[in-house]
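Numbering (our numbering), first residue to last: 273 to 457. We treat Cβ as the ideally placed atom computed from N, Cα and C, and that holds for glycine. Notes for the one structure printed next.
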């Protein structure tokens, strides 16, 4: 089928149904994929720790297992403070993980959506993001504009500091992508 690149994710656990237990960890899935061919495999990482791990060391150990299993590129979960990403990247490199790490940026386009996603990923919402969401909570267009500006500022700084790549979590919203593109172009 000429498939060469795979993003291998364990996926979120669902309280409504029991896990299939085929692949308890993404590293198990990655090893399985690598048995079938020379695919380029990307995986996820969590700048503020995986929600199911007790501490940074455990999270980094699991991430190292994932890259040792064959992950060639990592895409971070969303974060709103670039300093969190820089600290994470420093820890990743100190753990001996040398694959490229793309920064995951999710523009603020809706207060409820961002609060849910941040809670799901255990991402910290800085005071300036919380203030922005409260200020424009009932003005969807202004919130999207402010969220796009905030994301663009994050991206500009990340690029200036040599980020390996940027991954935009757009949630099927092409309008916000256009706004960000205009800001960073």
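| Query | Result |
| --- | --- |
| Coil, strand or helix - residue 415 by DSSP | helix |
| Host beta strand (DSSP E) of residue 315 (start-end) | 312–317 |
| Candidates 328, 302, 354 and 430, of which the one nearest residue 311 by Cα | 302 |
| Beta strand (DSSP E) segments (min. 3 residues) lying fully within the segment 299–365 | 312–317 and 343–350 |
| Nearest candidate by alpha-carbon position, reference residue 281, set 273, 320, 430 and 335 | 335 |
| From 386, 392, 275 and 452, residue whose alpha carbon lies closest to that of residue 405 | 386 |
| Spatially closest choice to residue 432 from 332, 294 and 354, by CA coordinates | 354 |
| Beta-bridge pairing of residue 281 - partner residues as DSSP gives them | Bridge partners of residue 281: none, in fact. |
| Whole-angstrom distance between residue 417 and residue 371, CA atom to CA atom | 34 Å |
| CB contact flag (residue 415, residue 381, <8 Å) | yes |
| Coarse secondary structure for residue 406, derived from DSSP in three states | helix |
| Cα-Cα separation between residue 410 and residue 323, rounded to whole angstroms | 30 Å |
| Within 8 Å, strictly: CB atoms of residue 455 and residue 424 | yes |
| Limits of the unbroken beta strand (DSSP E) element including residue 369 | Neither: residue 369 is in no beta strand (DSSP E) and is coded neither H nor E. |
| Bridge-paired residues (DSSP) for residue 439 | 376 |
| Inter-residue Cα distance where the pair is residue 308 and residue 345 | 19 Å |
| Integer Cβ distance of residue 320 from residue 367, believed to fall under 8 Å | The Cβ separation is near 16 Å, so there is no contact. |
| Cβ neighbour criterion (16 or more within 10 Å) applied to residue 439 | buried |
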